[in-house]
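First the structure, in the form of structure tokens, and then the observations on it.
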Amino acid sequence: MTEAATEMRSVIIEREMAFPPERVWRALTQPHLIEEWLMKNDFKPVVGHKFNLRGEWGGVLDCEVLTIEPQRSLAYTWNFTHEDAAFDLRSVVTFTLTPKGAGTHLRVEQAGFSPTQKQAYGGAHAGWKQFFAKLEEVLARTE
Numbered sequence: 210m211t212e213a214a215t216e217m218r219s220v221i222i223e224r225e226m227a228f229p230p231e232r233v234w235r236a237l238t239q240p241h242l243i244e245e246w247l248m249k250n251d252f253k254p255v256v257g258h259k260f261n262l263r264g265e266w267g268g269v270l271d272c273e274v275l276t277i278e279p280q281r282s283l284a285y286t287w288n289f290t291h292e293d294a295a296f297d298l299r300s301v302v303t304f305t306l307t308p309k310g311a312g313t314h315l316r317v318e319q320a321g322f323s324p325t326q327k328q329a330y331g332g333a334h335a336g337w338k339q340f341f342a343k344l345e346e347v348l349a350r351t352e
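Counted the way our numbering counts, the sequence shown spans residues 210 to 352.
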């Protein structure tokens with residue numbers, strides 16, 4: 210492992226949700242639900258599928274589905290091309306679902322921030338907390 214690789218940072222957010230894994234999984238993998246809590250997208254739950262997430266700020270994330278274990282784990286690239294190295298991001302987002310009673314423990318890890326990407330790292334940390342709050346709102350009103 211290179212020195213640069215060991216310096217990479219990850220944002221990890223975990224939350225207990227009062228919804229079963231099947232319901233959380235749907236919100237993570239159905240494009241119309243993803244749009245409600247994350248961003249506009251052309252996601253398909255197929256390994257190798259390349260898709261975009263389109264942010265309200267006008268930015269576009271280039272993504273590719275890496276792994277899918279229904280109701281357990283989902284990972285995809287989360288790449289943002291920017292001329293400023295502080296914002297040019299090559300990362301991987303991994304969702305892990307663990308049943309907890311009648312609910313789900315949801316963990317997201319976004320890995321791949323360099324030490325020079327402090328603002329992007331901080332933005333991701335705050336952003337995932339907001340995304341999770343929106344996700345819980347979507348889950349509360351969907352069956």
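The beta carbon of each residue, even a glycine, is placed where N, CA and C say it ideally should be.
Taking the beta strand (DSSP E) that glutamate 318 falls in, what are its first and last residues?
Its beta strand (DSSP E) spans residues 312-322.
Which of the three DSSP states, helix, strand or coil, is assigned to valine 347?
Three-state DSSP puts valine 347 in a helix.
Looking at glycine 312 and alanine 227, is the spacing between their C-beta atoms short of 7 Å?
Yes, the Cβ-Cβ distance between alanine 227 and glycine 312 is below 7 Å.
Which term fits alanine 213, buried or exposed, when burial requires 16 or more other beta carbons within 10 angstroms of its beta carbon?
Because alanine 213 sits at a pLDDT of 48, beneath the cut-off of 50, its placement in the model cannot be relied upon, and the following sentence gives the value as read from the coordinates. So alanine 213 counts as exposed.
To the nearest angstrom, report how far apart histidine 314 and arginine 224 are at their CA atoms.
Spanning the two alpha carbons is a distance of roughly 6 Å.
Between the C-alpha atoms of phenylalanine 341 and lysine 259, what's the straight-line distance to the nearest angstrom?
For phenylalanine 341 and lysine 259, the distance between alpha carbons rounds to 23 Å.
Put lysine 309 into one of helix, strand or coil per three-state DSSP.
Strand at lysine 309.
Quick check on alanine 295: buried or exposed, where buried means 16 or more other Cβ atoms within 10 Å of its Cβ?
Exposed, because fewer than 16 other Cβ atoms sit within 10 Å of the Cβ of alanine 295.
What are the start and end residues of the beta strand (DSSP E) that includes alanine 284?
Here the beta strand (DSSP E) through alanine 284 covers 282-289.
With 16 as the cutoff for other CB atoms within 10 Å, does tryptophan 266 come out buried or exposed?
Exposed, by the Cβ-count rule.
With DSSP as the reference, please indicate the residues paired to valine 255 in a beta bridge.
None; valine 255 has no bridge partner.
Assuming isoleucine 247 contacts asparagine 261 (C-beta within less than 8 Å), just tell me the rounded distance between them.
Reading off the sequence shown, one finds leucine at residue 247, where the question assumed isoleucine. Incorrect: roughly 12 Å between the Cβ atoms, too far for contact.
In terms of alpha-carbon separation, which member of Arg350, Gln280 and Tyr285 lies closest to glycine 321?
Of the candidates Arg350, Gln280 and Tyr285, the one whose C-alpha sits nearest the C-alpha of glycine 321 is Tyr285.
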